[in-house]
Structures are given as C-alpha cells and as structure tokens.
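Asks: Numbering (mature numbering (1 follows the signal peptide of the UniProt record, and there is no 0)), first residue to last: -36 to -1, 1 to 536.
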C-alpha cells in the first residue's frame, strides 16, 4: 500500500508557513538543473561487526550484488554476533532492486510450532510462568533465517549460495577473537547457557565466561552452514540437520516436529509506505509493528514545524506521538496471515489528525487515561542490523534477531545452532508484558503456525535527491530510534549524524520517558517534568544503528556505524 501523509493542522505557534506558490515555481524554472546520478559511484556496507562488513565487501568484489552481500553479511553475523542473530532466528529484509525499483519486504520471521497453544506459558491459575517463554527449548519458534538466506540468493543474487556463505563458514571453522561487547552481553545470559550442555560447551568453555581476545570456534555451526550451502533450504529444514534439531528440542522439553521445519516458508510482502515533508518512507509491514508505528508517528508530527519549535516542546511532541502509536501497537497489530488489522486506518492522515488533536503542547497525556498498568523493561542490545548499497542501485536494509540476548540459551546437540526465544514476542496473556515491557492483546496471541509481532524497522528514506538506508536493534526501542533518525534525515543531516542522535523513548507503558546518557539535557529533563512527564535515565547508551546514504545530486555515497557499538561502515 502507498499511503501519502500530508500535514494536518496543529497549534498556531507551531504550524508550518508555506512559501507562495509563484515563488516556488520561479525557483524551479530559474535555477540551473543539476544532474542526478542514475547509479551510485560506490557501494557501501554498514554492519554491526567488522568481520561481517568485510564478508559483504569480499562478495561484492567477487561479482556479487547487494543481495549476495546480504547473504554473506547476515550469515557472518550469525557466527560472530551470536547474542543478536543466528541460523536459529529470523528477520526482515527490506529490498529495493535498482533495475526496476521493485521494493519488497522479505519476511523471514519465525513461526510458532504447530503444537503451540494459546495458554502454553500460563500456570493453573492463568498466570505467566516466569522464564518459560524466554529460556530453554520450549521458548523457541521455528527459525526463518536459513530459508531467507536461500531465498535471497536464489531469487535476487548473482552468485551461488555456497559462495556467499563461504566467509561465515570460514569464521565458524577457524574461529574469531571475542570483543568486549560479546562478553558484556554474555554475562547476564551465562546462567541460561550453562543449563544446556551443548550451548555451554560453545560459549562457556570450561564452564567459565571467556576473556576478551579469546577465540570462539563453532565447528558444528560450520557443518550446519555447509549443509545449507550444498543443499539449500533442504540442508536445514530437512535431512540430518532437521532431525538433530527436532530430537534435541524435544529431549529438552520443546514441541518441534519435522513437519514444523518442512512447512516453513518465507513470505514476500509489500512494504508500508508513507510521506513526511516530501520524504518517501519505505518500511516494514506486519508482522512487524515497526513500520506502521513509524509512519503513524511521522503522520502525527507532520502537523508541526519541529525544526523551529523550542527544544523542550519538540521533544514533548515527539514523546506524545510515540505514546499514541505504541498504544495502537498493543491494540491492533499481529500476524497479517492470522488476524485482520485496520492498517489503512492506522496509516490514514485523517486518523493521525484525530490523534494529533489530543496532543496538548503544554501538558503530557497520562497513559493511565488508556491503561493503569506500568512495568520496567530491559535495554535491548540484542538483535542486529545491516545496510547495503551496491553500484547497480540495489539496496538492502535488514534487521535480524533471536530475540533476547543469546536467544533461548539452547543449542540442539550436534548442530551448533543457538535457538531463538521469539515465542516471548507473542502476547502470552492479554495485558501481560514480554521481556521488553511490551503488552499485547488477542491480535498477537499464540496460535499454531502464527508469526509473532516484531519491532524490527528496516527503513528506506528517499527525498528524490537522497536515499537513506537504516535500521537498528534495540527491542521495543527500535521504532523510536528509527523515528529520531528519520527526523534527523529530514533536517538534511547525513548518516554519521543519524546513528549518533541522542536517544529518548516512550512506549505507552510504562508511562515514562526513558533516555540514554546524554539523550536529554538537564534543561530538557526539567522542562519535560514540568509538562507532566515522568523520566527515567537508562544506565548507558543503547542501540546499534547501521546506515548508508546515496546522494544522487552530489554523486556521493556515505556510510556510518553507530558509535555505541563495534560495527564497521565501509565503501567500495
């Protein structure tokens, strides 16, 4: 769907003043025309790990396109960044084909096993059993990552799948040096990994947390990747790998079957589209709530001239837009193949006008007006993102995940595949929060074969002259981070600025504005409190955005990796 977002009336002091049409036409006619490049002069890759970025560049150097590089980068991240993604997880790949402009969202989101039940994580009293949807084999949904990598190679790439998987296989076989970020994320999940011998043998050698610079070798994972390279989808979802996965999961209390794996399919979906101040937004459709939320927020904010609003007012308006969009996430969104959703209404400018009319510039709306529940949530450092542009104009923005750090903590013996805990992304019980504090209703309830709702928001921003590719990990904070980057793009800034923008967040519940270190100045904190907001500082900076910019007019390509992470952005 292509829903155009137009400005709606806002408070008079913040309304945008439009230049006379005659002056605009004169400028268009009189100014010299500047040539816009038809294709990028360089390729670019930004990913969360230098080895993954280099893997993609190597594939481009072998004649591959952005989609081949996407296979290489995604598979390598599965090896070198196991806290965030892996063959045992899934993701969303936003694709743009340079030759014809085709845009597709490749949905490789995980699915619930066919034996899943609505109340499978509740006790006899109907209350969620702590940890059951997070740790162990029962928390794992059917992975979509391997099928998506095969689909990318077979339908969009130039090179054989085996060629694009070669860097990942090499790093899994030979090993790589662990960095501080891996160890920081491993610490809180060490106990979950320790409960499962196959996982502990890989990630906790000798039963201890490794040290920085130690080598992580994953030979079983290398073998699983080789089978995928040789046999394609059947190398993971059938044969010896599938048998080992099912046997291991069921022995550990899970409910997978061979039919679950054999029946998995990736889905090509139309992306969500919108416009904000002349910028065409292309972003993730359900089963991600991210794209709908992003467009809905921008739609509300189009009522205001944020660039000329006082800093405190600007942030207040952004927070209020976040609050309302996250409320709609809980109320309406789920798997598009399983539930009916009012997507056209949620993306409608008229609907946004109604929401904007409830925003007071001088006062926060308490979330208690909609719900009286509050809860804390952890910082989302897991998940991963990469952005790729090649010289043919092909573009990829991909966000991948195994959900919580190191997923379920479970590895099926003999596979090396660390499984996700994406079942926790379902609404375990209406009104009950998941690990990120997000609540959900019946639209996101557990059902056999259903895809759980996600926050992943891979996004393209295109104002005609500039094309931006971006996305980030961060759990429930993903959408708010992409929103802040999109607003920065609208101000004319480049990717180094988008990834470094100070971050703050509101997700409707809990009713609190969270902000990273440096995310709000002391004056802004005081001002927001005076407007009725509750604030909470996050103990460190969060997110790991990866971004690429193609400036067609200047014939220039830029890339940037979030300074909060350890990633690498490089041109070729």
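Glycine residues also receive a C-beta, built at the ideal position from the N, C-alpha and C atoms.
In chain order, what residues of the same chain have a beta carbon less than 7 Å from the beta carbon of residue 5, not counting five sequence neighbours either side?
Replies: 519, 521, listed in sequence order.
Asks: Report whether the distance from the Cβ of residue 392 to the nearest heavy atom of the ligand NAD is below 7 Å.
Replies: Within the structure as shown, the ligand NAD is missing, as the structure has no ligands at all.
Asks: For residue 437, I'd like the list of residues in its chain whose CB is within less than 8 Å of its CB, leaving aside the five on either flank, ordered along the chain.
Replies: So the qualifying residues of the chain are 12, 48, 344, 345, 346, 347, 348, 349, 363, 365, 507, 508.
Asks: Chain D beta carbons: is any one of them nearer than 8 Å to that of residue 522?
Replies: Considering every chain present, this structure includes no chain D. It has just one protein chain.
Asks: Take residue 488 and list the residues in its own chain whose beta-carbon comes closer than 7 Å to its own, dropping the five residues that flank it on each side.
Replies: Closer than 7 Å at Cβ, skipping near neighbours: 275, 276, 279.
Asks: Is the number of C-beta pairs between the region 37 to 52 and the region 364 to 384 that are closer than 8 Å three or more?
Replies: Yes, since at least three Cβ pairs between the region 37 to 52 and the region 364 to 384 fall closer than 8 Å, the two stretches touch.
Asks: Please give me, in chain order, every unbroken run of the alpha helix (DSSP H) with length at least 4 that falls completely inside the region 307 to 335.
Replies: Complete alpha helix (DSSP H) runs here, min 4: 307 to 310, 313 to 320.
Asks: By Cβ distance below 7 Å, which residues in the same chain neighbour residue 361 in space, the five residues on each side in sequence not counted?
Replies: So the list reads 58, 351, 422, 423, 424, 433, 434, 435, once near-sequence residues are dropped.
Asks: Is the separation between the beta-carbon of residue 533 and that of residue 10 shorter than 8 Å?
Replies: Yes, they are a contact pair.
Asks: Are residue 390 and residue 367 close, meaning C-beta to C-beta below 8 Å?
Replies: Cβ distance not < 8 Å, so residue 390 and residue 367 don't count as in contact.
Asks: How many angstroms separate the CA atom of residue 494 from the CA atom of residue 328?
Replies: Roughly 9 Å separates the two Cα atoms.
Asks: For residue 530, write down the residues that DSSP places opposite it in a beta bridge.
Replies: Partner(s): none; residue 530 has no beta bridge.
Asks: Count Cβ pairs between the region 211 to 226 and the region 91 to 109 that sit closer than 8 Å; are there 3 or more?
Replies: The answer is yes - the region 91 to 109 touches the region 211 to 226, with three or more Cβ pairs under 8 Å.
Asks: State the Cα-Cα distance for the pair residue 116 and residue 70, rounded to the nearest angstrom.
Replies: Using only the alpha carbons, I get a separation of about 9 Å.
Asks: Given this structure, state the Cα-to-Cα distance separating residue 378 from residue 256, to the nearest angstrom.
Replies: Looking at the two C-alpha atoms, the distance is approximately 40 Å.
Asks: Look up residue 32 in the DSSP assignment and say whether it is helix, strand or coil.
Replies: Three-state DSSP puts residue 32 in a helix.
Asks: Under the assumption that residue 141 contacts residue 40 (Cβ atoms under 8 Å), give the Cβ distance between them as a whole number of angstroms.
Replies: Not quite, the Cβ-Cβ distance comes to about 14 Å (not below 8 Å), so this is no contact.
Asks: With a threshold of 6 Å on Cβ separation, who are the neighbours of residue 553 within its own chain once the five nearest residues in sequence on each side are excluded?
Replies: Past the boundaries of the shown model lies residue 553; the chain is included only from -36 to 536, so the question cannot be answered.
Asks: To the nearest angstrom, how far is the alpha carbon of residue 146 from that of residue 513?
Replies: Straight-line Cα distance between these residues: approximately 28 Å.
Asks: Roughly how many angstroms separate the alpha carbons of residue 234 and residue 429, rounded to a whole number?
Replies: About 23 Å.
Asks: Per DSSP, which one or two residues make a beta bridge with residue 373?
Replies: Bridge partners of residue 373: none, in fact.
Asks: Determine which residues share a DSSP beta bridge with residue 538 and list them.
Replies: Given that the chain is displayed from residue -36 to residue 536, the structure contains no residue 538 and the question cannot be resolved.
Asks: Can you tell me which of the three DSSP states residue 162 falls into?
Replies: Residue state, collapsed to three classes: helix.
Asks: Can you tell me whether DSSP reads residue 339 as helix, strand or coil?
Replies: Because the pLDDT at residue 339 is just 40, under 50, the model does not fix this residue reliably, and the value given afterwards should be weighed accordingly. Coil at residue 339, not helix or strand.
Asks: Can you check whether the CB of residue 254 is closer than 8 Å to the CB of residue 442?
Replies: In contact: residue 442 and residue 254 (Cβ atoms closer than 8 Å).
Asks: Beta-carbon within less than 8 Å of residue 114's beta-carbon, same chain only, minus the 5 sequence neighbours each way: which residues are those?
Replies: The answer, listed in chain order, is 125, 192, 196, 197.
Asks: Is it right to say residue 414 is buried, meaning 16 or more other beta carbons lie within 10 angstroms of its own, or is it exposed?
Replies: It counts as buried.
Asks: How would you label residue 87, buried or exposed, when you count the other beta carbons within 10 angstroms and need 16 or more for buried?
Replies: The residue is exposed, with fewer than 16 neighbouring Cβ atoms inside 10 Å.
Asks: Do you know how far the Cα of residue 529 is from the Cα of residue 230?
Replies: Taking the straight line from one Cα to the other gives about 30 Å.
Asks: Around the C-beta of residue 469, are 16 or more other C-beta atoms found within 10 angstroms, so that it is buried, or is it exposed?
Replies: The residue in question, residue 469, is buried, as its Cβ has 16 or more Cβ neighbours within 10 Å.
Asks: Applying the criterion that 16 or more other CB atoms from any shown protein chain within 10 Å of the CB defines a buried residue, is residue -13 buried or exposed?
Replies: The pLDDT assigned to residue -13 is 34, lower than 50, so where the model puts this residue is not dependable; a value taken from the coordinates is nonetheless given after this. It counts as exposed.
Asks: In whole angstroms, what is the alpha-carbon distance linking residue 245 and residue 410?
Replies: So the alpha carbons of these two residues sit roughly 31 Å apart.
Asks: Would you decide whether residue 503 is buried or exposed? Buried here means 16 or more other CB atoms lie within 10 Å of its CB.
Replies: Burial call: exposed.
Asks: Would you mind reading off the limits of the beta strand (DSSP E) that contains residue 443?
Replies: Where residue 443 is concerned, there is no enclosing beta strand (DSSP E), although the alpha helix (DSSP H) it sits in stretches over 442 to 454.
Asks: What is the DSSP secondary structure of residue 99, counted as helix, strand or coil?
Replies: Note: residue 99 maps to coil in three-state DSSP.
Asks: Could you check which residue in 74, 171, 496, 207 has the C-alpha nearest to that of residue 250?
Replies: It is 74 whose Cα lies nearest to the Cα of residue 250.
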